[in-house]
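When you line the sequence shown up against the numbering used here, it's residues 2 to 164, in that order.
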Amino acid sequence: MDNTIINILCLILLFVGILGTFLPVLPGLLLSICGLLIYKFGTDADLPMIYIWAFGILTAASVVLSYVIPAKTNRKYGGTRWGSIGSVVGTIVGIFIPIPLGFLIGMFAGVFIGELLHDSKDMNKALQSTKGALIGFIYGTGFSFVVGVAMFLVVLLNMFDII
């Protein structure tokens, strides 16, 4: 296949991977790493292997952190297991609600409702847990987004022989 077509395919995968860092219906960095690997091994690119290893490790770290960070921030802000379960249920329900950012609204509503189911008298605790979920989401998504953008830029700069 022509290198130009492969390069375009790689850039599309990398771009969609960046979108997937904050849209849960897309596999995020997994698409980005696929684009990077196709670029490295599907073309005659002279991209050093250190980039493949570094981005592989960062992608694995992102997968782990996407579960650890929200749980830690939820606990830090007083959240319980009920809020964590509500977060998962709310995210899944939110994906299927046809509104913009439904998954995100669902996640926060799930945390809030889950905490209220645990202790209906403590509205402040439910709000604090929801705040923790928001902060955890921002940290995890931000990390993944930065890694995805870095992969995109490395490939783009390598295509133009800048690196």
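Glycine is no exception: its CB is placed at the ideal position from the N, C-alpha and C atoms.
Beta carbon of residue i nearer than 9 Å to that of residue j
{"i": "residue 111", "j": "residue 142", "result": "no"}
{"i": "residue 104", "j": "residue 130", "result": "no"}
{"i": "residue 124", "j": "residue 118", "result": "no"}
{"i": "residue 20", "j": "residue 36", "result": "no"}
{"i": "residue 144", "j": "residue 31", "result": "no"}
{"i": "residue 59", "j": "residue 148", "result": "yes"}
For residue i, three-class secondary structure by DSSP
{"i": "residue 63", "result": "helix"}
{"i": "residue 143", "result": "helix"}
{"i": "residue 30", "result": "helix"}
{"i": "residue 121", "result": "coil"}
{"i": "residue 163", "result": "coil"}
{"i": "residue 48", "result": "coil"}
{"i": "residue 24", "result": "coil"}
{"i": "residue 177", "result": "Only positions 2 to 164 of the chain appear in the structure, and residue 177 is not among them; the question remains open."}
{"i": "residue 101", "result": "coil"}
Outcome for residue i when other beta-carbon atoms lying within 10 angstroms are tallied against a minimum of 16
{"i": "residue 102", "result": "exposed"}
{"i": "residue 108", "result": "buried"}
{"i": "residue 71", "result": "buried"}
{"i": "residue 4", "result": "exposed"}
{"i": "residue 159", "result": "buried"}
{"i": "residue 134", "result": "buried"}
{"i": "residue 61", "result": "exposed"}
First and last residue of the uninterrupted alpha helix (DSSP H) at residue i
{"i": "residue 85", "result": "82 to 97"}
{"i": "residue 10", "result": "4 to 21"}
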